[in-house]
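A.B. asks:
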Amino acid sequence: MYLSTLWLLLAFLLGLIPNSKARRASKGYDSSFVYLSARNIDTGKEVEVCANYLQYRLKRIAPNAESANPVGLSFWRNRFNETRICPLPSDSERSLRYNGTAVPLLYRIEDDGTPCTRRFTEGGSSFKNATQFQVDQLKLYGAANAILLVEKGKPFITRWHDYLFSDFYDPYVNASDAIETFFLYAHVFQTKILSLAEYSNISRLQLKFHRPPPYPIDLSMIVMWLLAVGCVTGGGVWAFVRHRVGKDKVTAVTTSSSCSPQPSSEDSNTDRRKKCIAFYSNFLAIAILMVILVGILMIGFFFRPILGELNNSSQHLFYCVIHCSFPQLFLVAFFNVMLVAFGSISVYGCAMALLSNCSISECCSKRLMVPSRKTEYFATDHIHFIFHTLFDMVFISTFTLCICSSRLHQYHSVSSYTEVSAVT
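Sequence positions in the sequence shown follow mature numbering (1 follows the signal peptide of the UniProt record, and there is no 0) and run -22 to -1, 1 to 402.
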């Protein structure tokens, strides 16, 4: 009873996610990804890449490439492929203006020994002002857009690696006062955007930033919600039907009085033992499930840099066995073993539940339940009941495990805000 109430409450909370997700941002977007279309107006060649938008929570951009305002491309200090903010313009370069074009700069400022970079690299929190400084400089020299180039997977502070993901932004920039700022992988800019410029002539390039308008409700959240509610509802109906037909007699009585040291004359030793198992195994099953789920999340949190390295180098399991470090091997082995274990238990639980409708399975069950010793019978009952109680929850656990592993490999990075807060 309590277990069913717990899962119904979980389903209700999951049902609130699509609505909260849809109403998160009224003026902007619920995530920062946008499209960048680049075109050479002479050759007609065009590419489209993904980028991230700093002001995604504050305002929207053009819904498509046709309605987007085209901007040109300029380099810092008018030097081709100059993407470092330091040294700053001097002498005649101070009169340069970028006339409403987009200017790319490296997202991170590295220490080159000069005072210009040292103020952003010395100290534990000095890097917080770096992005704001770059955006202010571009705004001062008349740039319309800032394109901050992120070097994918580059280690920055301790275990912090730079990756872009759907909610990426820099929390230390005053987004409301800054020019429109976008984040793009450096290798994407070099290989796809600059490849359109023939003979290094960037004056013929046009850039357009756009993003389709969001749907009223996130469709992916609806799918996840239907899967969660479907699993819980289906498991609840199945358990109710089995209980009504008397196939779950062990779980029928779970009162504390059943485990009283003063047995009644009406209960046999076997019935009392089953009632005790039913009463205590519910708590044990929930505890095991919570430990497993929390363990998966904790391992995923602390091993995100390793997941990023595996994804970047496209290392498969057999390659990793030879070349990977012990933490990498442990992570891969852990997820594989857990997936196989939970999958096997799930298949066993469903198969036994389906075969229980056949008379042959009842005969086999009676044979298997004949005890040779009381201690063995007690241990066997515990294990059997835990698996039997968990079989519907294991489906959800296995599904969650698959989702976690796939999402970790896809996003394999901590968000900028969370990681910076942890470091500081």
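Every residue, glycine too, gets a C-beta built ideally from N, C-alpha and C. These figures come from a predicted structure and were not determined experimentally.
1. So, using beta-carbon positions, are S15 and Y34 closer together than 9 Å?
2. Tell me whether the beta-carbon of L162 lies closer than 9 Å to the beta-carbon of L142.
3. By the three-class DSSP mapping on this structure, what secondary structure does A217 have?
4. According to DSSP, E26 sits in a beta bridge with which residue or residues?
5. If you reduce the DSSP assignment to three classes, tell me which class I39 lands in.
6. Starting from the N-terminal side, write out each stretch of the alpha helix (DSSP H) that is 4 residues or longer and does not extend beyond the stretch 70 to 131.
7. Could you spell out where the beta strand (DSSP E) holding T61 opens and where it closes?
8. How long is the line joining the alpha carbons of L126 and V215, rounded to whole angstroms?
9. State whether the stretch 82 to 89 contacts the stretch 23 to 43, with contact taken as three or more CB pairs (one from each stretch) at a distance under 8 Å.
10. Quick check on R72: buried or exposed, where buried means 16 or more other Cβ atoms within 10 Å of its Cβ?
11. Check Q184 in the structure and name its three-state DSSP category.
12. Is it true that the CB of A124 sits closer than 9 Å to the CB of T159?
13. If residue 410 and H139 are in contact, beta carbons under 8 Å, what's the gap, nearest whole angstrom?
14. Under the assumption that L66 contacts C94 (Cβ atoms under 8 Å), give the Cβ distance between them as a whole number of angstroms.
15. Going along the chain, which residues of its own chain have a beta-carbon closer than 7 Å to the beta-carbon of F58, five neighbours each way excluded?
16. Between G120 and N77, is the Cβ-Cβ spacing less than 9 Å?
17. Pop quiz: Y150 and Q110 are said to be a contact at Cβ under 8 Å. What is the actual Cβ separation, rounded to whole angstroms?
18. Could you tell me which of Q112, G102, F134 sits nearest to I157, measuring between CA atoms?
19. For F313, does the three-state DSSP call read helix, strand or coil?
20. For L116, which residues in the same chain have their Cβ closer than 6 Å to its Cβ, ignoring the five residues on either side in sequence?
21. Given a threshold of 16 other Cβ atoms within 10 Å of its Cβ, counted over all protein chains shown, does Y7 qualify as buried or as exposed?
22. CB K186 to CB P48, shorter than 9 Å?
23. Quick check on Y31: does DSSP put it in helix, strand or coil?
24. Between G91, R86, F98, which has its C-alpha nearest K130's C-alpha?
25. From Y258 to M268, what distance separates their C-alpha atoms?
26. For N56, is the classification buried or exposed, using 16 other Cβ atoms within 10 angstroms of its Cβ as the cut-off for buried?
27. Taking the beta strand (DSSP E) that I135 falls in, what are its first and last residues?
28. Give the secondary structure of V223 by DSSP, where H, G and I count as helix, E and B as strand, and everything else as coil.
29. The beta strand (DSSP E) spanning F160 covers which residue range?
C.D. replies: Quick answer:
1. no
2. yes
3. helix
4. S15
5. coil
6. 93 to 99, 108 to 118
7. No beta strand (DSSP E) contains T61, which DSSP labels as neither H nor E.
8. 53 Å
9. no
10. exposed
11. strand
12. yes
13. This structure cannot speak to residue 410, because the chain is shown only from -22 to 402.
14. 6 Å
15. S178
16. yes
17. 6 Å
18. Q112
19. helix
20. V81, A124
21. buried
22. yes
23. strand
24. R86
25. 16 Å
26. exposed
27. 133 to 135
28. coil
29. 158 to 163
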